[in-house]
Amino acid sequence: MDNFELYLKPTEAIDSEHETIQKVMEKVTNGCASGVEKAIELFYFVRDSIHYSPYTVSVALEDFKASTVLARGKGYCVQKAVLLTALGRAAGIPSRLAFAKIKNHRLPTDLREQWGTNIFGCHGYNQIFLNGKWISAAATFDRNSCERNGLQTIEFDGIYDAILSQTDLNGNPHIEYLERYSPQADLPMEWIREDILGYRREENVGK
Numbered sequence: 029m030d031n032f033e034l035y036l037k038p039t040e041a042i043d044s045e046h047e048t049i050q051k052v053m054e055k056v057t058n059g060c061a062s063g064v065e066k067a068i069e070l071f072y073f074v075r076d077s078i079h080y081s082p083y084t085v086s087v088a089l090e091d092f093k094a095s096t097v098l099a100r101g102k103g104y105c106v107q108k109a110v111l112l113t114a115l116g117r118a119a120g121i122p123s124r125l126a127f128a129k130i131k132n133h134r135l136p137t138d139l140r141e142q143w144g145t146n147i148f149g150c151h152g153y154n155q156i157f158l159n160g161k162w163i164s165a166a167a168t169f170d171r172n173s174c175e176r177n178g179l180q181t182i183e184f185d186g187i188y189d190a191i192l193s194q195t196d197l198n199g200n201p202h203i204e205y206l207e208r209y210s211p212q213a214d215l216p217m218e219w220i221r222e223d224i225l226g227y228r229r230e231e232n233v234g235k
């Protein structure tokens, strides 16, 4: 049995009791009649109001705090997932973080050169408890980024899983899920830090 208290309480990173998180949650969900409606509205807020930026990758906890991501208005997959988790918990909806190892076939050339790979071990997304089950939701890429780059825009209806698409709008390979990990009640910062620093050490080999 899931311990739902874990998925409702704030943590240092998932600071769902922060004043700005509470205010935004109330504004976004104003008029919603159910938890499903609230979850949908919060998903689209994070997807489109928080610009996707792979250049915000960091090893500092402060850069992953939900209130920080909200204030900056941008983040990469893990940071956006932390924010959606915090907003969900602020709304009284059990929410947790999920992670997967993925291969991004559409990774921009500069990032491929920077990281030395298009395989990433800690892609972050969300799982939200609605209507008696956990539903996966990836609010990663905002609509503007998708339209600009020819990517599929992920839609969330609160019923079915909404993870990143296997193909882009032209049918070319995009995101390939290689491995999925156990969901987390809190941000596993040390694991994320080790993963990021591992890539950076590889970058510097031979320099």
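The numbering of the sequence shown is our numbering, which starts it at 29 and goes up by one.
Ideal placement from N, C-alpha and C gives every residue a C-beta, glycine not left out.
- Secondary-structure assignment with DSSP links residue 207 through a beta bridge to 129.
- Beta-bridge analysis with DSSP links residue 80 to 103.
- Per DSSP, the continuous alpha helix (DSSP H) segment holding residue 139 begins and ends at 137-143.
- The DSSP-derived three-state label of residue 192 is coil.
- DSSP places residue 60 outside any beta strand (DSSP E), giving it a letter other than H or E.
- Residue 165 sits in a strand when the DSSP states are folded into three classes.
- The DSSP-derived three-state label of residue 180 is coil.
- In the structure shown, the three-state DSSP call for residue 111 is helix.
- Taking a 10 Å sphere around the C-beta of residue 34, we find fewer than 16 other C-beta atoms and assign the residue as exposed.
- In the structure shown, residue 186 adopts coil according to DSSP, grouped into three states.
- Per the DSSP secondary-structure output, residue 156 pairs in a beta bridge with 123, 163.
- Residue 124 counts as buried, since at least 16 other C-beta atoms from the protein chains shown sit within 10 angstroms of its C-beta.
- In terms of Cα proximity to residue 42, the closest of 106, 57, 146, 73 is 106.
- Selection 174, 110, 148 evaluated against residue 156 yields 110 as nearest (Cα-Cα).
- Taking C-beta separations shorter than 7 Å and ignoring five residues to either side along the sequence, the partners of residue 197 in its chain run 178, 179, 180, following chain order.
- Between residue 182 and residue 168, the C-beta spacing is below 9 Å.
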